[in-house]
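Protein chains in written order, with the working numbering: chain Y, 1 to 117; chain S, 1001 to 1113.
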């Protein structure tokens, strides 16, 4: 139980285009999901907290107009990187907060490697 | 703000060796502490946790004790296996009711047969 998937696992896009990353909780409902960014040999940096049916809460320094988050259902949150640039290349990881029998812990997806050329 | 510092990796050991990965934290309140493990190609998985001082978390032969006096939560295992090769992350939550996790930079562990 408590499986979180991400799609795609890898994506390459051209500078100036937008790319959408999906995060799904497969066997539980998650009112809250988190989006992280991981730089090489660095820790996971929380970008935003996504709550189903409401606007995401962004961490300081994260541009909300660049990283659009939508949490339209209890099992799906999406992160859209708009007008991507090479500096947006990174590893993006989502997590979903499991309630009830899932002990209110965060369950993580396998990550999406974004490369902007 | 709150922060977590882990020992620099990578760490390479032989099978059956003793493992310690150091983790120290800075927090204003009484955080909960966690160790996550990330196997190749997979997402982070919770390995163990401790929610108050002197608590010991344990799982799969790994242990870590919440030491408030030294603000530490070092990960230990008495005899590592090749299958323990992974990246290990130390993390904290500000309090039990908090949702946000603050991570250390991760330590890559490789176990050779």
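Cβ coordinates follow ideal geometry from the N, Cα and C atoms, glycine included.
No experiment lies behind these values; they were computed from the predicted model shown.
For residue 1037/S, the uninterrupted beta strand (DSSP E) segment begins and ends at 1032 to 1038. For residue 1075/S, the closest C-alpha among the options 1020/S, 1040/S and 1085/S is that of 1020/S. For residue 1042/S, the nearest beta carbon of chain Y is closer than 8 Å to its own beta carbon. Its Cα nearest to that of residue 29/Y, the residue 95/Y stands out among 19/Y, 95/Y, 56/Y and 91/Y. Contact between the stretch 1024 to 1032 of chain S and the stretch 26 to 45 of chain Y is absent: fewer than three C-beta pairs spanning the two stretches fall below 8 Å. Taking a C-beta distance under 8 Å as the contact criterion, residue 91/Y and residue 61/Y do not qualify as a contact pair. Boundaries of the beta strand (DSSP E) around residue 113/Y: 112 to 116. Cβ neighbours of residue 1057/S within its own chain (closer than 6 Å, five residues either side excluded): 1048, 1049, 1050 and 1064. Contacts with chain S at 8 Å (Cβ-Cβ) do not include residue 11/Y. Contact fails between the stretch 1028 to 1042 of chain S and the stretch 65 to 80 of chain Y, because fewer than three Cβ pairs, one in each stretch, are under 8 Å apart.
Judged by DSSP in its simplified three-state form, residue 73/Y adopts strand.
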